[in-house]
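First up is the structure itself, then whatever we jot down about it.
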Amino acid sequence: MFILGSSWAKTTLELSTLIPEVKQGSIIDCELSIKESEGKSTLSGLAGRDFAKTIYVISLDPFVQKNGTLVSNARVVFEKVPTSDLIEGNDISIILKKIKVLPAKPAQSFLFGDFEVSGQVSVLKWLVISTLVMILGLIFLKWRNKYLIKKKSKQKKLGLKEQLLKPSNYDEIVAAWKNKHIYLDEFPELEPAFKKLEAILFKYQFKSQRNEFEVTQILIAYDQFRNDVREVLNGI
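When you line the sequence shown up against this note's numbering, it's residues 240 to 475, in that order.
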């Protein structure tokens with residue numbers, strides 16, 4: 240006999256489901272049927288009950304007669320993978336009818352953007368790695384900016400140096416001298432060389448006409464100026 244009450248007799252229930260394989264931790268709709276009972280048995284209070292730390296009954300419909308057997312539709316969760324088809328309790332046992340419980344798979348990986356990190360690596364370690372990558376990236380960018388600035392500065396100096404070495408006639412020499420401030424801004428160490436050049440250039444530059452000798456003196460002075468430039472700017 241099966242009655243509602245506060246005490247339990249030894250009862251065996253059979254759990255069946257339309258799904259042959261279920262996953263540990265997932266909610267399963269199933270059918271509970273009473274296979275046997277010793278003496279009087281109460282059927283209330285099953286909902287919310289834990290059986291052998293293996294099956295937890297979430298909800299349970301009232302038992303009704305079905306083909307001569309008391310049956311109830313229930314919703315359960317497998318808390319762990321059963322070690323056998325018989326889940327034994329003090330007053331109630333549950334038999335699993337052709338059900339295979341699959342173990343829940345642990346998280347295999349954490350996905351961050353386009354990078355997949357093994358589940359064995361903690362989030363803290365990943366954050367540390369990310370921080371180190373960011374620091375190295377900033378150091379690289381800083382070095383790259385310095386390198387580009389230095390490269391641009393060197394190219395500018397090489398260009399100015401070539402301009403100073405290029406003049407080969409009087410007009411080109413005067414044009415270079417007129418840009419003296421540009422060269423001294425970049426190469427202040429050339430000021431003594433410019434003063435030596437000006438000592439000769441100023442003798443003849445402001446004359447309305449210059450003879451061949453005077454032009455030759457200016458060319459000779461610029462040859463000496465060119466040698467001074469090469470000596471002072473030797474490392475460029």
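All C-beta atoms, glycine included, are put in the ideal place defined by N, C-alpha and C.
Please read all numbers here as calculations on a predicted model, not as lab measurements.
For Ser272, there is no enclosing alpha helix (DSSP H); the residue is found in the beta strand (DSSP E) stretching over Ile266 to Ser276. In chain order, Leu429, Glu430 and Phe433 place their CB closer than 8 Å to the CB of Leu423, counting only its own chain and leaving out the 5 sequence neighbours on each side.
In this model, Trp382 and Lys393 are separated by some 16 Å (Cα to Cα).
Judged by DSSP secondary structure, Asn312 falls within the beta strand (DSSP E) whose first and last residues are Thr308 to Phe317. Counting the other Cβ atoms within 10 Å of the Cβ of Tyr386 gives fewer than 16, which makes it exposed. DSSP, reduced to helix, strand and coil, places Thr256 outside both helices and strands of the structure shown, so it counts as coil.
Bounds of the beta strand (DSSP E) holding Val340 are Lys339 to Leu341. By the Cβ test, the stretch 367-384 is not in contact with the stretch 284-302, since fewer than three Cβ pairs between them sit closer than 8 Å.
Burial check for Thr293: the Cβ neighbour count within 10 Å reaches 16 or more, so the residue is buried.
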